[in-house]
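Scroll down for the structure; my scribbles are underneath it.
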Amino acid sequence: MNMVSIPPRRARGKVHVPTVTLAHGGGGKAMKDLIDDVFVSAFDNPLLSPLDDSARMDLLDLAQYGDRLAFTTDSFVVDPLVFPGGDIGRLAVCGTVNDLAVGGALPLYLSCAVIIEEGVSIDFLRQIARSMAATAQEAGVKIVTGDTKVVNKGACDQMFITTTGVGVAAAGVELGAHRARLGDAVLVNGLLGDHGAAILGARGDMALQSPIESDCAPLQGLIASLLNAAPNTRFMRDPTRGGVATVLNEIAEAAQIAIDIDEAVTPLRDEVRGFCEILGLDPLYLANEGKIVAIVPPDEAEPALEAMRAHPLGRQAAIIGNVVAGESGRVTMRTIFGGRRIVDMLVGEQLPRIC
Amino acid sequence: MRYVDEFRDRAKADILVKEIERLLARMKRDESRPLQIMEVCGGHTHSIFRYGVEGMLPKSIELVHGPGCPVCVLPMGRVDDCVAIAERPEVIFTTFGDAMRVPGSRKSLLQAKADGCDVRMVYSPMDALALARKNPAREVVFFGIGFETTMPSTALTVLQAEREGIKNFSIFCNHITIVPTIKAILDSPDLRLDGFLGPGHVSMVIGDAPYEFIACYYKKPMVIAGFEPLDILQSIWMLLRQIDEGRCEIENQYARVAPAGGNAVALQAVAQVYELREFFEWRGLGSIDHSGVKVRDAYAGFDAERKFAVPNARIADPKSCQCGEVLKGVIKPWQCKVFGGACTPETPLGALMVSSEGACAAYYQYGGIKRGRDDEASAA
Ligand code: SF4
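The listed protein sequences derive, respectively, from chains A and B.
Residue numbers for the first sequence, in numbering that gives the first Met the number 0: 0 to 354.
Residue numbers for the second sequence, in numbering that gives the first Met the number 0: 0 to 379.
In structure tokens form, the structure reads like this:
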């Protein structure tokens, strides 16, 4: 079915001032030109280009993918805005796409609201918009509506982005932490903590140079093949801030189960381990932006693992633990060393230790 | 990872645990109470919990988590002083990360930052000096904290600042020294410890000679231990062997890193920049004579205490705190009246709940609380 018949709108040439000023937020010609130059030209698609107050999608068109609408929103603030392996734009698309995908939905449309601090370079905005567009294409979603605000210098940290996503959940896909059962396997799709370590390493105030790149990636493809191989997958979550430890605790808490993981098989990059050693951080609490934690019934664990490993974003996938009999709500870990410890929720932010 | 994984080898750990059990079985000792071994250093406490070392040991060994976390033993009044300095508009206050959350009587540095003070986290005093170079119109203050481990790097930074003629840099010196502290613990009338794991990082600087008095006068054995879990197990085994053989010495398990004579360059810098304070207040332990250092007169220009005339108020620990008793091994953290109730890592009342190296925080975080209580329940 053809969705909308309005022809795409051509961007009206480039804005010729080097930086964003409050005039770009005034709602007049300067603003229109900026939106055309930066966003419409990058995101170009028939739903966005008329620049109506809302994008309208055909319900029948959506219904071919499933029987429920999935809807999510997230705001992205990150320092620095560009980091090894990504930038705030890529993050803003991946974050929302992944939130839809881990709910078992096919991500389809995004909105993009940008708050820009006066003085940000327009070239930089173009770079971020291009990155968002490229990531959206990679994720198979369209950015169909948006908003741009300019605030006084000092009122925000260069740039904040909020993305809202709409997707469709296929009939029969029912995911929920409460579905976890004794014996279920806990899977992750690869090396943990890369994003958190990359961001910490990229911050100027850090004496450490680290070669670690963020894992920031849209996961709808990997998740689709996982669900295909393990249709009875109980639950998925993307362990962003707070890391895998936090997600496991949330699952254990919500499902009133105990989870036990094995440090020896938990996939970690040597560089991330070294980085954490030096700073006294625990990699289990570092953020990820291209990872999922999946709880899968025991008989589907191996197929799930194979499916993940067959996907480029899951080569280092591993079964890191199980749902076990134990104090409900508790996450424990067998340490590399053969000891056992509790993996608890973190209090506040992780702060590096002295020595 | 090379140089790391070999110290986390599970098979070697199993052998050591078996050896420890064997030694314990044949040792002549008072069976009615566990052997109490104190790890003085917070870094050890952290490793012990991080790797679940305590759970691998026989129940007849009890680890007592000592006063070796410099963040934990910092008195509230000193945190107030930090905040007072940080609140001056010209100041950029720089600190190690884990000192940010230590509560003062009014607020922590984290809170001060939220309230608009320019508080920044750095990873070394040299980073703070670099900030001073970059911001000549501001006053950059570095929060010098830690034992002999971090003391030399602060001293070397002061010497560097002097060489470069940098005038807008100073340190708020809260460095403390380990030896008087161990002595204070040994002098405590309710002491029950059977031996010590010595702080490996401190010995990198001071060597092992300064601990001789522990063996000679107090008749307690000590093994200077590294920080990997295998280091800790091996050191415990070495300590047991001393006890079993009736020896009482300062042994060095960490010789691969900590030379017997210490580090001459570091010691020289320390001696040049600091002198001992008459007394220094510790959270949970009270005032300990000669346990802290201050900046010598020759470097007064780099001393934030003099530059900003800090209030230096003394604030008593809350009455309900039992940190002192935990530090001395008289009670275990979960036996403190306020543990996990009024005192949690979110709202620490006592010092030991503050940093992840503090015994109470470690028990809370890594769930030692549960095991401890279960053990008590099953013993009753
Ligand atoms: S629970 Fe709090 S008050 Fe009690 S000993 Fe531990 S830190 Fe001190």
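The beta carbon of each residue, even a glycine, is placed where N, CA and C say it ideally should be.
message = What residue range does the alpha helix (DSSP H) around B:PHE212 cover?
response = 211-215
request  = Using a Cβ cut-off of 8 Å (strictly closer), state whether A:ALA260 contacts chain B.
outcome  = Reading off the sequence, residue 260 of chain A comes out as Ile, not Ala. No - not a single Cβ of chain B is within 8 Å of the one on A:ILE260.
message = For the beta strand (DSSP E) containing A:ASP261, name the first residue and the last one.
response = 257-261
inquiry  = Can you give me the C-alpha to C-alpha distance between B:VAL201 and B:CYS215, rounded to a whole angstrom?
reply    = 20 Å
query = If you compare alpha carbons, which of B:VAL269, B:GLY328 and B:TYR273 is closest to B:LEU190?
reply = B:GLY328
request  = Give the DSSP-derived three-state secondary structure of A:ILE294 in the structure shown.
outcome  = strand
task = Just tell me which of B:THR93, B:PRO228 and B:GLU280 has its CA closest to the CA of B:PHE171.
result = B:THR93
query = At a Cβ threshold of 8 Å, is B:MET203 touching chain A?
reply = no
ask   = Between the Cα of B:LEU348 and the Cα atoms of B:PHE212, B:PRO88, B:GLY283 and B:ILE177, which residue gives the shortest distance?
value = B:GLY283
query = Cα separation between B:ILE91 and B:THR156?
reply = 17 Å
task = Mark B:ILE14 as exposed unless 16 or more other C-beta atoms lie within 10 angstroms of its C-beta, in which case mark it buried.
result = exposed
ask   = By Cβ distance below 6 Å, which residues in the same chain neighbour B:GLU147 in space, the five residues on each side in sequence not counted?
value = VAL201, VAL204 and ILE205
query = Just to confirm, does B:PRO66 get its C-beta within under 7 Å of one of the non-hydrogen atoms of ligand 1?
reply = no
query = Just reading off the beta strand (DSSP E) that A:THR163 is part of, what are its end residues?
reply = 158-168
query = Hey, how far is the Cα of B:LEU130 from the Cα of A:GLY164?
reply = 42 Å
message = Tell me the DSSP secondary structure of B:ARG255 in three-state form.
response = coil
message = Against chain A, does B:GLN364 count as a neighbour if the rule is that its beta carbon must be under 8 Å from one of theirs?
response = yes
request  = For B:ARG7, go through chain A and note every residue whose CB falls closer than 7 Å to its CB, in chain order.
outcome  = ILE335 and PHE336
Assigned exposure category for A:SER48 - 16 Cβ within 10 Å defines buried = buried
task = With a 10 Å radius around its C-beta and 16 neighbouring C-beta atoms as the bar for buried, classify B:PHE195 as buried or exposed.
result = buried
query = Just checking, does the stretch 280-288 of chain A make contact with the stretch 160-180 of chain A on the three C-beta pairs under 8 Å criterion?
reply = no
message = With H, G and I counted as helix, E and B as strand and the rest as coil, what does DSSP make of A:SER48?
response = coil
ask   = In the DSSP assignment, what are the bridge partners of B:LYS293?
value = B:GLU274
query = For B:GLU280, which beta-bridge partners are listed by DSSP?
reply = B:SER286
request  = Counting only the same chain and skipping the five closest in sequence on each side, list residues whose C-beta sits under 7 Å from that of B:PRO209.
outcome  = VAL178
query = So what's A:TYR108 in DSSP terms, helix, strand or just coil?
reply = strand
key: At least 3 beta-carbon pairs within less than 8 Å: the stretch 285-305 of chain A vs the stretch 179-189 of chain A   = yes
query = Would you call the stretch 94-101 of chain A and the stretch 232-241 of chain A in contact, with 3 or more CB pairs under 8 Å?
reply = yes
inquiry  = Does the beta-carbon of B:GLN321, which I'm using as the reference point, lie nearer than 7 Å to any heavy atom of ligand 1?
reply    = yes
ask   = Taking the continuous beta strand (DSSP E) assigned at B:GLY323, which residues delimit it?
value = B:GLY323 -> not in any beta strand (DSSP E); alpha helix (DSSP H) instead, spanning 322-326.
task = Tell me where the alpha helix (DSSP H) around B:GLU304 begins and ends.
result = 303-306
message = Contact criterion: CB-CB distance below 8 Å. Does B:TYR50 meet it with respect to chain A?
response = yes
inquiry  = Cβ closer than 7 Å: which chain A residues qualify as neighbours of B:PRO228?
reply    = PHE336
Residues that B:GLY197 contacts on chain A, provided the C-beta gap is smaller than 9 Å = Chain A residues near B:GLY197: none, gap ~15 Å exceeds 9 Å.
Contact list for B:GLY54 against chain A, beta-carbon separation under 9 Å = GLY338, ARG339 and ARG340
task = Classify B:LEU423 as helix, strand or coil using the three-state DSSP reduction.
result = In this structure chain B extends from 0 to 379, so residue 423 of chain B is not present and cannot be described.
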